[in-house]
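Shown next, in structure tokens, is the structure this report addresses.
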Amino acid sequence: MELFDAVPLLEELNIEPPPEVKHYGSIEGKKELSETFAFFFSKGAAGERYLHDKALFEDVLKLVEKKPSAAWYIGGNAPAMANRLAKEGCEVLLGGRMSQKLRGQLQEGVKVVGTPLEKDDVHLIMEYKTGEVWGKYKTPRANRFIVHSDSSNPMLESLDEFREELGAFKPQAVVIGGLQMMDNFPFREEERQSRLLELQKLMVGLSPDIKTHFEFASFAEEQMLRDLLQYIIPYSNSIGMNEQELPTLQSSELRCESAS
Numbered sequence: 555m556e557l558f559d560a561v562p563l564l565e566e567l568n569i570e571p572p573p574e575v576k577h578y579g580s581i582e583g584k585k586e587l588s589e590t591f592a593f594f595f596s597k598g599a600a601g602e603r604y605l606h607d608k609a610l611f612e613d614v615l616k617l618v619e620k621k622p623s624a625a626w627y628i629g630g631n632a633p634a635m636a637n638r639l640a641k642e643g644c645e646v647l648l649g650g651r652m653s654q655k656l657r658g659q660l661q662e663g664v665k666v667v668g669t670p671l672e673k674d675d676v677h678l679i680m681e682y683k684t685g686e687v688w689g690k691y692k693t694p695r696a697n698r699f700i701v702h703s704d705s706s707n708p709m710l711e712s713l714d715e716f717r718e719e720l721g722a723f724k725p726q727a728v729v730i731g732g733l734q735m736m737d738n739f740p741f742r743e744e745e746r747q748s749r750l751l752e753l754q755k756l757m758v759g760l761s762p763d764i765k766t767h768f769e770f771a772s773f774a775e776e777q778m779l780r781d782l783l784q785y786i787i788p789y790s791n792s793i794g795m796n797e798q799e800l801p802t803l804q805s806s807e808l809r810c811e812s813a814s
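Under the numbering used here, the first residue of the sequence shown carries the number 555, and numbering increases by one thereafter.
Encoded structure:
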């Protein structure tokens, strides 16, 4: 992941504040990036969106790479949690595709399962401070907006290899995270449900003694929330989320109940 100040970068990209904010589940170009960023910025809310325009993503990445103030670090939730657990003395089996260079940033107690990538998927973290102003918009709190063009994590590409290793590893707990990568990703018909079903099978097949934790995140797509309620949440012993994500889940649960 790469972290940098959002507003100066948007100005360098000649992306101007929009007349009105608008919420998109995924982003097609500069106009939608402007409107979506303004939507979250004006609320001081965290968000993460898939950017379909790979040329635009590369332009942003090249510009960020030239900035001495930009900070690189290993992410997202799974590697960060794996490193933290390893620091506390745990042995960790991490399912995820990453380059050999990125693997070198993990703690000694972390074993990675997943075919290595030649080039890591970069997620750009656009940070802003409390009270920062962009055009007519002023954010009420510090937060971050993340854009990515990641095609590996949405497909859960390391899942099958992770499942093969899990039995011999004999875990005490299994943590599920990163499913927000599947939100508004351009899957083929029923492809996402198929991958979630495979993840569900892994969870159901665990011994009752092995606890499962699902790390929630920012989701925009209503169908994605319904899929989580069907395939993942009922099989999780605990769920982690912040105060902005809880109402999203609660309202989705209510809609599902009213439709049933």
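C-beta atoms are modelled at their ideal positions from N, C-alpha and C, and glycine is treated no differently.
Here the structure is a predicted model, which is why all the values come from computation and not from measurement.
Name the residue from the options whose alpha carbon lies nearest to the alpha carbon of residue i.
{"i": "L678", "options": "E602, N738, S653", "result": "E602"}
{"i": "A600", "options": "S705, T693, G731, R742", "result": "T693"}
{"i": "F595", "options": "L756, G583, A560", "result": "A560"}
{"i": "H606", "options": "K655, A634, G663, M735", "result": "M735"}
{"i": "G629", "options": "G731, V687, G598", "result": "G731"}
{"i": "T802", "options": "F723, P740, M778", "result": "M778"}
{"i": "T669", "options": "K683, Q659, G650, V676", "result": "G650"}
{"i": "K665", "options": "G685, E715, S705, D674", "result": "E715"}
{"i": "L610", "options": "Y627, E718, R638, N568", "result": "N568"}
{"i": "N707", "options": "F741, Y691, T684", "result": "F741"}
{"i": "Y613", "options": "P788, G794, V676, S712", "result": "The sequence as given places Asp at residue 613; Tyr does not occur at that position. It is V676 whose Cα lies nearest to the Cα of D613."}
{"i": "H577", "options": "Y604, L564, P562, V687", "result": "Y604"}
{"i": "S705", "options": "G685, D674, T684, K683", "result": "D674"}
Can you find the residues in the same chain that come closer than 6 angstroms, C-beta to C-beta, to residue i, ignoring five residues on each side of it along the sequence?
{"i": "E533", "result": "Within the shown structure, residues of the chain are numbered from 555 to 814, placing residue 533 beyond reach of any answer."}
{"i": "S814", "result": "For S814, the pLDDT reaches just 46, beneath the cut-off of 50, and the residue's location in the model is therefore unreliable, leaving the point undetermined."}
{"i": "E572", "result": "The identity of residue 572 in the sequence shown is Pro, whereas the question assumes Glu. Excluding positions up to five away in sequence, the list reads S588, E589, A592."}
{"i": "G598", "result": "T693, P694, R695, N697"}
{"i": "G689", "result": "P571"}
{"i": "L563", "result": "none"}
Going by DSSP, what residues sit across from residue i in a beta bridge?
{"i": "M652", "result": "Paired residues: none, contrary to the question."}
{"i": "G794", "result": "E769"}
{"i": "V518", "result": "No answer is possible for residue 518: it lies beyond the span of the chain, which begins at 555 and ends at 814."}
{"i": "A558", "result": "With the sequence shown as reference, residue 558 is identified as Phe, and Ala is not the correct amino acid for it. DSSP, once it has assigned bridges, lists M680 as partnering F558."}
{"i": "A625", "result": "L557"}
Going by beta carbon distance, what residues of the same chain come within less than 8 angstroms of residue i, once the five residues before and after it are set aside?
{"i": "Y785", "result": "Q747, L750, L751, L753, Q754"}
{"i": "S672", "result": "Ser is not the amino acid found at residue 672; the sequence shown has Glu there. Answer for E672: S653, listed in chain order."}
{"i": "F558", "result": "V618, K621, S623, A624, A625, L678, I679, M680, E681"}
{"i": "K608", "result": "S703"}
{"i": "N796", "result": "A600"}
{"i": "M635", "result": "V729, G731, E769"}
{"i": "E566", "result": "L617"}
{"i": "C644", "result": "G663"}
{"i": "L713", "result": "G649, R749, E752, L753, L756"}
{"i": "I581", "result": "L587, T590, R603, Y604, L605, H606, D607, V701"}
Within the same chain, show all residues whose beta-carbon is closer than 7 angstroms to that of residue i, passing over the 5 residues directly before and after it, in chain order.
{"i": "L710", "result": "R749, L753"}
{"i": "K641", "result": "Q661"}
{"i": "S772", "result": "A600, G601, E602, Q734, E799"}
{"i": "D781", "result": "R746, Q747, L750"}
{"i": "V575", "result": "E589, A592, F593, S596"}
{"i": "L760", "result": "V728, T766"}
With a threshold of 7 angstroms, establish whether the CB of residue i neighbours any heavy atom of the ligand ADP.
{"i": "S653", "result": "The model on display carries no ligand, and the ligand ADP is accordingly not part of it."}
Taking 8 angstroms as the cut-off, does the segment 721-738 touch the segment 765-772 (at least 3 CB pairs, one atom from each stretch)? yes
At 4 residues or longer, what runs of the alpha helix (DSSP H) sit wholly inside the segment 659-739? 713-723
Which runs of the beta strand (DSSP E), 3 residues or longer, sit entirely within the segment 581-614? 601-604
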